[in-house]
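Below is one structure, written out as structure tokens, with a few remarks after it.
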Amino acid sequence: MSRIRDYSLSGEERKTRLRVCIFDAAGVKSAFALLLTKVTKPSLGNLLICAVSGTSTDKKEVYAYIGKGGRFQMERTISFMNGEGSLGHNTRAFIAANVDADRTKDNITLVHEDLKKVYHKLFDDSLKKYNAKQKRKDRQIKNYYDKISRSKQEKLFYEVIVQIGNRDDTGVGSAAADTAVKALQDYVELFIRRNPQLYVFGAYIHMDEETPHVHIDFVPFSTDNKRGLEIKNSLKGALASRGFESEGKGNTEWQQWSEAEKEDIAMIMQKYGVGWKKLDTHNPHLSVLDYKKQERSREVKELEQELEDIGVVIELKEEREAQLNDEIHKQQMCLKTEREEAEKTLAIVTSLKDRIMEEGVAQEKYNKALAADGQELEDIIADKKKQLADVQVALNKARAVFENANEKLAQAEEELSEVKKLRDDLIKQGEGDYYLKEEVIQLRYENQNLKKENKGLQEKLDKAYEFMKKFVIEGKSMLDKFLEWIGEKVREGRGR
């Protein structure tokens with residue numbers, strides 16, 4: 281019977297746990313007998329030690345050990361798939377159902393750039409040159425990112441998902457998974473160096489799912505183009521720069537490039553002591569029976585590879601389904617919120633509409649009343665204007681009468697002054713001439729008449745004053761303005 285003992289090897293970058301299978305080799309006639317549960321009786325003299333990596337005692341790994349002349353090498357499949365390119369999933373902007381949120385902190389971000397900034401960086405110079413050559417503005421491209429996002433031929437970016445092994449042999453937490461992570465990190469560096477025209481703006485190793493894997497997001501571009509932009513988005517052109525050209529559906533440039541990338545991954549895995557588990561190649565020197573065995577083995581491995589890929593696809597589909605369900609739920613919540621807001625807005629708008637209608641009816645009534653008041657006001661203004669015109673006529677007449685009276689009064693004052701002078705002279709002389717006496721009497725009579733006339737004019741002037749007090753123009757009554765005018769005339773008379 282086999283006896284299993286655990287050993288731990290130190291001195292490595294990471295300790296590798298080995299399980300040592302000790303078999304009693306006495307009487308064993310073939311290597312295949314080592315795989316049997318029962319062997320011949322144990323003999324301490326003949327022991328065969330098979331060091332099998334990890335915790336597996338799988339027959340295939342023992343075969344690998346025997347086939348390599350006693351030197352064991354672990355083998356793992358390589359999955360290289362075209363991804364859907366969900367940036368929200370890659371950066372864990374949301375957590376899908378198949379993700380262990382407690383392990384999200386263990387995820388590794390190797391590259392992370394803003395996609396729009398990358399487009400400016402790659403294509404802005406070529407875009408300016410292209411637009412400068414266009415004579416018609418409608419042929420110019422305003423935003424290359426927006427143009428590609430609307431294109432049915434090009435994609436904004438592409439994604440590959442690379443996984444070493446599967447959840448059964450390279451599950452997260454195992455030593456094999458740790459080795460796979462190292463290999464994936466090295467591969468991303470090699471990918472960037474080997475594919476200069478596949479601009480990597482995102483590379484994320486996910487450790488919060490069942491098997492470590494890396495999402496590599498890149499923008500392909502071609503250079504020295506004769507049509508369109510000198511540098512433009514082109515997967516075909518980018519792969520052609522590596523020498524990959526399509527030979528038909530069975531051997532496209534993408535298939536050729538994918539196989540070349542797998543070879544690079546296998547080379548890195550070899551550095552860590554891990555072989556590439558892939559399909560056998562045809563050997564023409566085999567017998568018919570051996571060839572049939574090999575073909576059957578190849579078919580089995582082909583099925584295993586298909587199952588491996590299907591497993592990865594299922595994981596991705598489950599992940600995508602969880603993502604879509606999460607997005608649908610969020611959209612439903614947003615729609616519910618928007619509907620509630622719309623209902624609230626509708627209620628507010630309805631209330632405002634009713635209030636506006638009420639205010640409109642009231643405003644219409646007010647406008648009608650205002651129109652009636654306005655007509656009345658216009659009538660009052662017209663009447664006032666007529667009264668003002670009458671006052672202006674009366675004022676003009678009063679001014680003329682006042683000026684005439686003022687002149688006569690001045691003349692009377694002069695004549696009175698002369699009479700007084702003559703009277704004084706007569707009194708001084710003590711005698712007078714009869715003729716002079718008659719003249720004095722006549723002057724007194726005229727003076728008396730002037731006083732009466734002046735009194736009548738004064739009464740008319742007072743009435744005009746009272747009438748003018750009732751009208752105000754520019755903050756002053758018409759009387760005040762008239763008196764100011766009289767004052768100016770008096771001052772002008774004195775100044776002569």
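The sequence shown begins at 281 in the numbering used here and counts up by one. For every residue, glycine included, the Cβ atom is placed at its ideal position computed from N, Cα and C.
Same chain, Cβ closer than 7 Å to residue i, five either side skipped, listed in chain order
| i | result |
| --- | --- |
| E764 | none |
| G530 | none |
| E469 | none |
| I766 | none |
| G368 | F374 |
| E525 | E533 |
8 Å Cβ cutoff met for residue i and residue j
| i | j | result |
| --- | --- | --- |
| I441 | T450 | no |
| L407 | Y424 | yes |
| A483 | V499 | no |
| D488 | A381 | yes |
| E364 | E434 | no |
| L737 | V699 | no |
| A376 | Q603 | yes |
| F403 | K512 | yes |
| V554 | E355 | yes |
| I475 | R522 | At residue 475 the sequence reads Asn, which differs from the Ile that was named. Yes, the Cβ-Cβ distance between N475 and R522 is below 8 Å. |
| I421 | K413 | no |
| L478 | A518 | yes |
| L509 | Y410 | yes |
| L787 | K688 | With the chain running from 281 to 776 in the structure shown, residue 787 is simply not present. |
| A520 | E533 | yes |
| A685 | N734 | yes |
| D606 | F374 | yes |
Integer Cβ distance of residue i from residue j, believed to fall under 8 Å
| i | j | result |
| --- | --- | --- |
| N370 | D497 | 7 Å |
| N727 | A692 | 6 Å |
Residues near residue i by beta carbon distance below 8 Å, same chain, minus five either side
| i | result |
| --- | --- |
| A674 | A744 and F747 |
| N387 | R372, Y484, I485, H486, M487 and D488 |
| P492 | Q443, I444, T450, V452, A457, A460, V461, L464, I485 and H486 |
| L657 | none |
Buried versus exposed call for residue i [16 or more other C-beta atoms within 10 Å across all chains shown]
| i | result |
| --- | --- |
| L314 | Any reading at L314 needs caution, since the residue's pLDDT is 35, under 50, leaving its predicted position unreliable; the model's value is listed next. Answer is buried; the Cβ neighbour count reaches 16. |
| Q672 | exposed |
| M549 | buried |
| T630 | exposed |
| K557 | buried |
| Y725 | exposed |
| E639 | exposed |
| I358 | buried |
| E618 | exposed |
| A678 | buried |
| S333 | Low per-residue confidence applies at S333: pLDDT is 37, beneath 50, and the placement is therefore not dependable, though the value from the model is reported in the following sentence. Counting Cβ neighbours within 10 Å, S333 comes out buried, since at least 16 surround it. |
| E541 | buried |
| S431 | exposed |
| L596 | buried |
| S366 | buried |
Proximity test, residue i beta-carbon vs the ligand NAD heavy atom, cut-off 7 Å
| i | result |
| --- | --- |
| I661 | Absent from the structure shown: the ligand NAD. Ligands present: none. |
Sequence-distant residues of its chain with Cβ nearer than 6 Å to residue i (five each side left out)
| i | result |
| --- | --- |
| L515 | P500 |
| E599 | A376 and N378 |
| E393 | F481 |
| T503 | I511 |
Would you check if there are 3 or more beta carbon pairs closer than 8 Å linking the region 534-546 to the region 462-477? Short answer: they touch.
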